[in-house]
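Down below is the structure, laid out as C-alpha cells.
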Amino acid sequence: MTRARPLRSSLLLAAVSLLSACSGGSGNASSEQRSASVHDAAGGEIGVGAPGGCAATAQSMTPATWTATEIPARPTPMPGLRLVSDIPLPGPTNRFDYQSVDPAAGRLYISHMNAGRLVVFDLDSARVVREVEGLPRVTGVWAVPEHHHVYAAAAGAHEVVVIDDRTLAVVARVGGIRFPDGITYASDADKVFVSDESGKADVVIDARTLAKRSTIALGGEAGNTHYDSVSKCILVAVQTRGQLVAIDPVSEQVVARYDVPGVESPHGFTLDEARRLAFVTGEGNAALAVVDLRTMRVTQRLKVGDDPDVLAWDPGWRRLYVASESGVLSSFWATGDTLLPLGDLRAPRAHSVSVDPRTHRVYLPLESVGGRPVLRVLEPAPERK
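In the working numbering, each residue carries its 1-based index in the sequence shown increased by 607.
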C-alpha cells in the first residue's frame, strides 16, 4: 500500500484469548453468503483465456479436475506471538512497505519506501546483507529465484527495477508505469505482473527478456496482485470497484470479475491454494473476508485493525497475519475452511508483515523504535499438547 496515514505509536504486545469464529461478535461467518457476480463490458471488458491458461469461469477459479490435498491435522494453537528480537536496520526512520521471502536462499527483501532503498536481510544469520539504493519510493518487491532476479517497484521513478540476487546489481529498468505497487510471478507463463495502482492496470513483464509486454486495463485502481498456480490465473484486487479480477497470464486478458460483498475498497489479499481460499481485506471497513475459490462465495467475515494493508500466509502452520496502518497485527489460524482469531498485537506503524515458512517466524519492519528503524522478529506461541 502506498498512502501514509497518521498511526498510533504506542507499543503493546498483547495476546487475546482464542475466539470462536462461529459464535458471537464480528468474527462470525456471514449468514448471507453471496456469490460473486461476473461483469460484462459495463464493468470492464471480458476476454477469452488461451488454451492451457487461466481456468477461471463465471462461478469458480478452481479447475473441475482439481482434488483437495490432504492437510495433516495440527493441535489447536495457543494465542499470541512472542518477541524474539528487535534487529536494528540501516537508513532513516521513515516508512517501509512490502516484503518478499526467498526461502531457498534464506533471504528477506524489505522495501524501505521513503528511503528509496531495498534492504537485503539474511534470515539464517539474522543480519542485513546490503542495501540496494536508487529506488525512489519503492513499494512492491518480489523475488523470482528461477531467474535469480528480484523485482522492485520504484514508484517515484514510475518504473520496476530488476536486481540480480547474486550480485545485487541492477540489471534492468522497466519504465512507463504510473504507480507500480504489488508484484507477482506467473511461473507457468514465465511472466511478471505488476499492479499499476493509479494507472488502473496490471503491467506484464517478460521474465526472460525483462521487457514490458502489455498493459491490461482493469477499470479501477489496482491493489495487490497474486498468482494462483492451481487455476493458473493472476488475481488482482480492484479496490475502487470492490472486485477481484482474474487475468489469463497466457493471453494477457481479463477473463472474469468477481464482487466481494462486505469488503469496502479491497486492497490487500493472499491465497491458501491448498484449500482454495482467498483472504481479502477492506481498507474502508477494516474487514477480512474468506472467499471460497471453488464457488467465489464469501463464506466468512471478520474484523481486523483499521486500514488493513499487507497480509502474510504460513501454509505449513496454517496461520494468517494481517498488518494494518493503525499499527495492529491480527493473527488467525485456519482450521478447515474457517479462520479462528488468535489475537491482536500492537506495534508502531506495523502495516507490513512477512513470514518465513521454514521457521514460522514473523517479521515486522518498524520505522522508529527508540529513535531508529528495526526489524521486529516474532514467533507463534507453542501449540497445545
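By construction, the Cβ of each residue, glycine as well, lies at the ideal position given by its N, Cα and C atoms.
**Asked** Quick one: what's got a C-beta closer than 8 Å to V751's C-beta in the same chain, skipping five residues either side?
**Response** Sequence-distant partners of V751 (beyond 5 residues in either direction) whose C-beta falls short of 8 Å from its own C-beta, in its chain, are V757, Y758, Y792, V799 and A814.
**Cutoff 7 Å; reference R702; Cβ partners in own chain excluding five residues on either side** = Result list for R702: A611, M720, N721 and E974, in chain order.
**Asked** Does V917 get closer than 8 Å to chain C when you measure Cβ to Cβ?
**Response** The structure shown contains no chain C; it is built from a single protein chain.
**Asked** V726: which of E828, L817, I694 and T888 sits nearest, CA to CA?
**Response** The shortest C-alpha separation from V726 is found at I694.
**Request:** Please confirm whether E871 and V691 have their CB atoms less than 8 Å apart.
**Result:** No; because the gap between Cβ atoms is not below 8 Å, this pair is not in contact.
**Message:** Here's a check: name, in chain order, each residue in its chain whose Cβ is nearer than 8 Å to the Cβ of D809, leaving out the five neighbours to either side.
**Reply:** Spatial neighbours of D809 in its own chain (CB-CB distance under 8 Å, excluding positions within 5 residues in sequence) are listed in chain order as F800, V801, S802, D803, T822, I823, L825, A829, T832, I841, V843 and I854.
**Message:** Quick check: what's the CA-CA separation for P972 versus R724?
**Reply:** Spanning the two alpha carbons is a distance of roughly 13 Å.
**Request:** Please classify T669: is it buried, with 16 or more other beta-carbons within 10 angstroms of its beta-carbon, or exposed?
**Result:** So T669 counts as buried.
**Asked** Name the DSSP beta bridge partners of A670, please?
**Response** Note on residue identity: the sequence assigns Pro, not Ala, to residue 670. According to DSSP, which records beta bridges pairwise, P670 is partnered with nothing at all.
**Prompt:** What does DSSP give as the partner residues of R705 in its beta bridges?
**Reply:** Correcting the residue type first, residue 705 is Tyr in the shown sequence and not Arg. Listed as beta-bridge partners of Y705 by DSSP are no residues whatsoever.
**Asked** If we call anything under 8 Å between Cβ atoms a contact, is S933 one with G912?
**Response** Yes, the pair counts as a contact, with Cβ atoms nearer than the cut-off.
**Message:** Just verifying my parser: in three-state terms, what is the DSSP assignment at H756?
**Reply:** The answer is strand: DSSP assigns H756 an E or B state.
**Request:** Alpha carbon to alpha carbon, how far is R953 from T888? Give it in angstroms, no decimals.
**Result:** Looking at the two C-alpha atoms, the distance is approximately 18 Å.
**Message:** Need the endpoints of the beta strand (DSSP E) that W924 sits in, please.
**Reply:** In this chain, W924 is not harboured by any beta strand (DSSP E), its DSSP state being neither H nor E.
**Length of the line joining the Cα atoms of V769 and L715** = Within the model, the alpha-carbon separation for V769 versus L715 is close to 16 Å.
**Request:** On the DSSP bridge assignment, give the partners of S802 in chain order.
**Result:** Answer by DSSP bridge pairing, in chain order: D809.
**Message:** Whole angstroms are fine: how far does the CA of R968 sit from the CA of V984?
**Reply:** So the alpha carbons of these two residues sit roughly 7 Å apart.
**One or two residues paired with S821 in a DSSP bridge** = DSSP output for S821 lists V811 as bridge partner(s).
**Prompt:** Can you check whether the CB of D731 is closer than 8 Å to the CB of G747?
**Reply:** With contacts defined by Cβ atoms closer than 8 Å, G747 and D731 do not form a contacting pair.
**Request:** Can you have a look at E677 and say buried or exposed, based on whether 16 or more other CB atoms are within 10 angstroms of its CB?
**Result:** So E677 counts as exposed.
**Message:** So, at 7 Å on beta carbons, what are the nonlocal neighbours of W673 in its own chain, with the 5 sequence-adjacent residues on each side left out?
**Reply:** Only V837 meet the Cβ criterion.
**Message:** Which residue marks the beginning of the beta strand (DSSP E) containing R850, and which one marks its end?
**Reply:** Rather than Arg, the amino acid found at residue 850 in this sequence is Gln. Where Q850 is concerned, the enclosing beta strand (DSSP E) stretches over Q850 to D855.
**Request:** Look at the Cβ atom of G660, then the Cβ atom of V857, and state whether they are nearer than 8 Å.
**Result:** G660 is a Cβ neighbour of V857, given a cutoff of 8 Å.
**Request:** Measure from the alpha carbon of Q666 to the alpha carbon of each residue in R904, L895, V917 and Y970, then state which is nearest.
**Result:** If we check each option's Cα against that of Q666, R904 comes out closest.
**Item:** Minimum C-alpha distance to L884 - residue among G875, T902, G891 and G869
**Value:** Nearest C-alpha to L884: T902.
**Asked** For E753 versus S794, is the C-beta distance shorter than 8 Å?
**Response** In contact: E753 and S794 (Cβ atoms closer than 8 Å).
**Asked** For the candidate residues I790, P955, Y865 and R737, whose alpha-carbon lies nearest to that of R979?
**Response** Selected option, being the one with the closest Cα: P955.
**Asked** For L936 versus F886, is the C-beta spacing smaller than 8 Å?
**Response** By the CB criterion at 8 Å, L936 and F886 fall outside the cutoff.
**Request:** Give the straight-line distance between the Cα atoms of R681 and P922, rounded to the nearest whole angstrom.
**Result:** Spanning the two alpha carbons is a distance of roughly 12 Å.
**Message:** On the criterion of 16 or more Cβ atoms from any shown chain inside 10 Å, does V736 qualify as buried, or is it exposed?
**Reply:** With fewer than 16 Cβ atoms within 10 Å of its Cβ, V736 is classed as exposed.
**Item:** Reduced DSSP category for G827 - H, G, I as helix; E, B as strand; rest coil
**Value:** Here DSSP, grouped into helix, strand and coil, assigns G827 to coil.
**Request:** Please state whether DSSP places A722 in a helix, a strand or coil.
**Result:** Looking at A722 - three-state DSSP - the assignment turns out to be helix.
**Prompt:** With burial defined as no fewer than 16 other Cβ atoms inside 10 Å of the residue's Cβ, what is the status of P787: buried or exposed?
**Reply:** Its Cβ being crowded by 16 or more others within 10 Å, P787 is buried.
**Message:** If I measure Cβ to Cβ from D729 and keep anything under 7 Å in the same chain, skipping five residues before and after, which residues do I get?
**Reply:** Here the set comprises G713, R714 and V736.
**Other residues of its chain near A764: CB distance less than 7 Å, five sequence neighbours each side excluded** = Answer for A764: P743, listed in chain order.
**Message:** Restricting to Cα atoms, I'd like to know which of V867, A761, E766 and D709 is closest to N892.
**Reply:** Its Cα nearest to that of N892, the residue V867 stands out among V867, A761, E766 and D709.
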